[in-house]
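**Q** Line order of the protein sequences matches chains A and B. Throughout the first sequence, residue numbering follows this note's numbering, covering 1 to 56 in sequence. Throughout the second sequence, residue numbering follows this note's numbering, covering 1001 to 1468 in sequence. Ideal Cβ placement from N, Cα and C applies to all residues, glycine included. Handing you a structure now.
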Amino acid sequence: MRILLIIISIIGLMLTIIPSILVFTQNMTLETHKQLMATGMILWFGTAVFWIEGQD
Amino acid sequence: MNNILQRLDARLKNIDEYERRPVPDDKRKGWKGFIGMYAGEHTAGTEFVIGPLFVAHGVATGELIWGLILGNILAVLSWAFLCAPVAVKTKLTLYWQMKKICGSKLALIYNVVNALMFCFLAGAMIAVAATAIGLPFGIPMPELGDWMPTSIGWIITVFLVGLVITVVAILGYDYVAWFANVAFPWMLLVFIAAALATLPQLGVTSISDFWTVAQEKIWTGVPAEGQSKFTFWHVMFFAWFANMAMHIGMADMSILRFAKKWQHGFASGTGMFFGHFIAWMASGILTAAAAGAIAPGIIAYNGAGVAGAICVVIAGWTTANPTIYRAGLAFQSVTPNWKRWKVTLFTGMVTSIAACFPALVMQLLDFVALYGLVLMPMGAVIFLDVMVFQKMNLQSNLAEKIGLSFNWTAGLTWGITLLLCLFINLYIGIEIFFLGLPGWFIAALLYIGLSLLYQKKIMKAKPAQATA
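As structure tokens, this is what we get:
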């Protein structure tokens, strides 16, 4: 379960950064990039809070 | 509600953070305990403001890049060679070490000044978050020249953000500290992604275009109307002294006292090069793409949509929260009979009032420089007292040794250094960004000179006690 959560979190981060590279190379519109970033944000916060531990 | 607050208050009282005694060896941490913490702490809401202000002050591209590289290296060296050795040797917080050197009354005065500075800093962070919250409601955002509150809508937004942040600071500081760690990797990527996605708007479609466009459209070397011109030296000294209160001023003793070795001070490099290099450059690009807009909410939304606006809120919130908490702790030393939640509530109110004034954001560079400068002389006092005095046959921790409540040598060093810095600023015309360097040497010479005179005098009066 933990591994699955980590994988989804990584997908969230990839959706945050990769669309911007595609916009930069003019293979994606700015609007699509914004929507994918919002999706990435939901995936990251929806999963990272369950596996990132607090500092002692 | 009152019941919950009382329970939390009792719980907070029971937390032992070794505030009044040296950190025990089994609680000390290695590199891992500092690398992430520094990276997170220095990728904050204010980074969304500092990058755009460099653009507004007409920094040229080469000046910015080299200034940031050198300034950030100097900042890391200051943490590693000034703050960390003192922290590892004493294993105490700044405040507790100050009590030993300066006495309780002088430490108290320092604490109030420190707390007020924290309030203004947290106020800037609340204002940053408010620029994103007000966005969907069409509230007019302050612009570069605005110093006073721009509308009732702005004041209401700031107070609502301030209220939420204050309540969270009262109820769940630990949770926020953890949440800041969760948010950090995502926030850093949002900074980078937003900047990368807006580069084509500026005419950059390949890496080879970047330098030319950066010089022509982003860091042009021409300041905005009414703004002073910044050079390489401004950028370098600002990057070095932006956290002067933390490294040269010794406030990060509170963090680095947990370090196993002084070399862990180099961990601050993550904060400097992620936050104070990448994030400052990225936010500068965003402001150029937003036609010179400064409000962080607007520039982040422009580059990253809803995720960008939420990033601004989270960045402001996660950094304002611990700042309000720390300010509350500092104020609590003045009002020990007040409950911690009451002090935090008071601190949050002061902070929210300050946040209503856009001057705090628009003049952030000057404020950050002032903040470091005001606290710097005490950093010099602590460094000399802990690391140098024994080698000079001078008495360390004088207040503790002879029972002083106000060590005049430290107090005069602080006051005279600041007066001389003011004099240099007003009559020699050296800008506030550069005063930290001469100021440190002035403070060091004054403290050594005054200590030589004063300790000679008291040694004659009570030799047995002073050497005990």
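1. Run through the DSSP bridge pairs and tell me what alanine 1259/B is partnered with.
2. Looking at isoleucine 1218/B and leucine 1196/B, is the spacing between their C-beta atoms short of 8 Å?
3. Please classify threonine 29/A: does DSSP put it in a helix, a strand, or coil?
4. Would you call the stretch 7 to 18 of chain A in contact with the stretch 39 to 49 of chain A, where contact means no fewer than 3 C-beta pairs closer than 8 Å?
5. Going by other Cβ atoms of all chains shown within 10 Å of its Cβ, with 16 needed for buried, is asparagine 1393/B buried or exposed?
6. By Cβ distance, which residues of its chain are closer than 6 Å to lysine 1099/B, with the 5 residues on each side in sequence left out?
7. DSSP three-state label for threonine 1150/B, please.
8. DSSP puts alanine 1060/B in a beta bridge; with which residues?
9. Below 8 Å on the Cβ atoms is my contact criterion, and I expect leucine 1446/B with threonine 1417/B to pass it. Report the Cβ-Cβ distance as a whole number of Å.
10. What does a CB cutoff of less than 7 Å around valine 1213/B pick up in its chain, not counting 5 residues either side in sequence?
11. Cβ closer than 7 Å: which chain B residues qualify as neighbours of isoleucine 52/A?
12. With distances taken Cα to Cα, identify the nearest neighbour of alanine 1267/B among Glu1063/B, His1057/B, Pro1024/B, Val1076/B.
13. Just the Cα atoms here: how many angstroms apart are leucine 1453/B and glycine 1415/B?
14. Looking at the C-beta of leucine 1196/B, does it have a partner C-beta in chain A at a distance below 8 Å?
15. Beta carbons nearer than 8 Å to chain B: which residues of the stretch 36 to 50 of chain A have them?
16. Using a cut-off of 8 Å between C-beta atoms, extract the partners of alanine 1300/B located in chain A.
17. Say whether the stretch 1115 to 1135 of chain B touches the stretch 1352 to 1361 of chain B, bearing in mind that this needs 3 or more beta-carbon pairs closer than 8 Å, one atom from each stretch.
18. Using the beta-carbon of each residue, which ones in chain B are nearer than 7 Å to isoleucine 7/A?
19. What does isoleucine 21/A reach in chain B if we use C-beta pairs closer than 7 Å?
20. Closer than 6 Å by C-beta to methionine 1236/B: which residues in its own chain qualify, once you throw out the five before and the five after it? Chain order, please.
21. Taking only the alpha-carbon atoms, compute the straight-line gap between alanine 1468/B and arginine 1326/B and give it to the nearest angstrom.
22. In its own chain, which residues sit with a C-beta less than 7 Å from the C-beta of threonine 1166/B, not counting the 5 before and 5 after it?
23. Counting only C-beta atoms, is alanine 1304/B closer than 8 Å to chain A at any point?
24. Any C-beta of chain B sitting closer than 8 Å to the C-beta of leucine 30/A?
25. Compare the beta carbon distance of valine 23/A and valine 1182/B with 8 Å and say whether it is the shorter of the two.
26. Is leucine 1350/B helix, strand or coil by DSSP?
27. Between proline 1142/B and the rest of its own chain, which residues show a CB-CB distance below 6 Å, the 5 nearest in sequence each way excluded?
28. Taking Cβ-Cβ distances below 8 Å as the criterion, which residues of the stretch 1118 to 1151 of chain B are in contact with chain A?
29. Comparing the C-beta of proline 969/B with each C-beta of chain A, is any distance below 8 Å?
30. Going straight from the alpha carbon of valine 1113/B to that of cysteine 1083/B, what length do you get?
31. Check tryptophan 1096/B in the structure and name its three-state DSSP category.
32. Given this structure, state the Cα-to-Cα distance separating leucine 1116/B from valine 1023/B, to the nearest angstrom.
33. Can you check which of these residues, Ala1039/B, Glu1216/B, Glu1047/B, His1264/B, is closest to methionine 1362/B by C-alpha distance?
34. Have a look at tryptophan 51/A and alanine 1044/B and give me their C-alpha separation to the nearest angstrom.
35. Tell me where the alpha helix (DSSP H) around tyrosine 1325/B begins and ends.
36. Are the stretch 1155 to 1169 of chain B and the stretch 1264 to 1282 of chain B touching by the rule of at least three beta carbon pairs closer than 8 Å?
**A** The relevant details are as follows:
1. According to DSSP, residue pairing for alanine 1259/B in a beta bridge involves Lys1029/B.
2. Not a contact, by the Cβ cut-off of 8 Å.
3. Note: threonine 29/A maps to coil in three-state DSSP.
4. Result yes; three or more Cβ-Cβ pairs closer than 8 Å.
5. By the neighbour-count criterion, in which a residue is buried when 16 or more other Cβ atoms sit within 10 angstroms of its Cβ, asparagine 1393/B is exposed.
6. Non-local C-beta neighbours of lysine 1099/B in its own chain, meaning closer than 6 Å and more than five positions away in sequence, comprise Ala1107, ordered along the chain.
7. Three-state DSSP puts threonine 1150/B in coil, outside helix and strand.
8. Looking at the DSSP output, alanine 1060/B bridges to Thr1220/B.
9. Confirmed, about 6 Å.
10. Cβ within range, chain order: Leu1202, Gly1203, Val1204.
11. Near isoleucine 52/A (Cβ distances below 7 Å), the residues of chain B are Asn1181, Val1182.
12. Between alanine 1267/B and the set Glu1063/B, His1057/B, Pro1024/B, Val1076/B, the nearest pair of CA atoms involves Val1076/B.
13. Going by the C-alpha atoms only, they are around 17 Å apart.
14. Residue contact check for leucine 1196/B against chain A: a CB pair falls below 8 Å.
15. Of all residues in the stretch 36 to 50 of chain A, Met37, Ala38, Gly40, Met41, Trp44, Phe45, Ala48, Val49 have a Cβ within less than 8 Å of some Cβ in chain B.
16. Close partners of alanine 1300/B in chain A (Cβ separation under 8 Å) are lacking, with about 11 Å as the shortest Cβ gap.
17. Contact between the stretch 1115 to 1135 of chain B and the stretch 1352 to 1361 of chain B is present, because at least three Cβ pairs lie under 8 Å.
18. Under a criterion of Cβ atoms nearer than 7 Å, no residue of chain B is adjacent to isoleucine 7/A; the nearest Cβ is some 15 Å distant.
19. Within chain B, the residues near isoleucine 21/A are Leu1196.
20. So the qualifying residues of the chain are Gly1067, Leu1070, Gly1071.
21. For alanine 1468/B, the predicted model reports a pLDDT of 47, less than 50, meaning its position is unreliable and no value from the coordinates is stated.
22. A distance below 7 Å between beta-carbons, with the five flanking residues on each side excluded, links threonine 1166/B to the following residues of its chain, in chain order: Ile1324, Thr1344, Leu1345, Gly1348.
23. Output row for alanine 1304/B: interface = yes.
24. With 8 Å as the cut-off, leucine 30/A counts as an interface residue toward chain B.
25. Cβ atoms of valine 23/A and valine 1182/B: not closer than 8 Å.
26. At residue 1350/B the sequence reads valine, which differs from the leucine that was named. Valine 1350/B: helix per DSSP, three-state reduction.
27. Same-chain partners within the cutoff: Thr1150, Pro1358.
28. Within the stretch 1118 to 1151 of chain B, no residue places its CB atom closer than 8 Å to a CB of chain A.
29. There is simply no residue 969/B to check, as chain B begins at 1001 and stops at 1468 in what is shown.
30. Distance from the CA of valine 1113/B to the CA of cysteine 1083/B, rounded to the nearest whole angstrom, comes to 20 Å.
31. Annotated three-state conformation of tryptophan 1096/B is helix, per DSSP.
32. Straight-line Cα distance between these residues: approximately 27 Å.
33. The shortest C-alpha separation from methionine 1362/B is found at Glu1047/B.
34. Going by the C-alpha atoms only, they are around 23 Å apart.
35. Per DSSP, tyrosine 1325/B belongs to the alpha helix (DSSP H) from 1296 to 1332.
36. Result no; under three Cβ-Cβ pairs closer than 8 Å.
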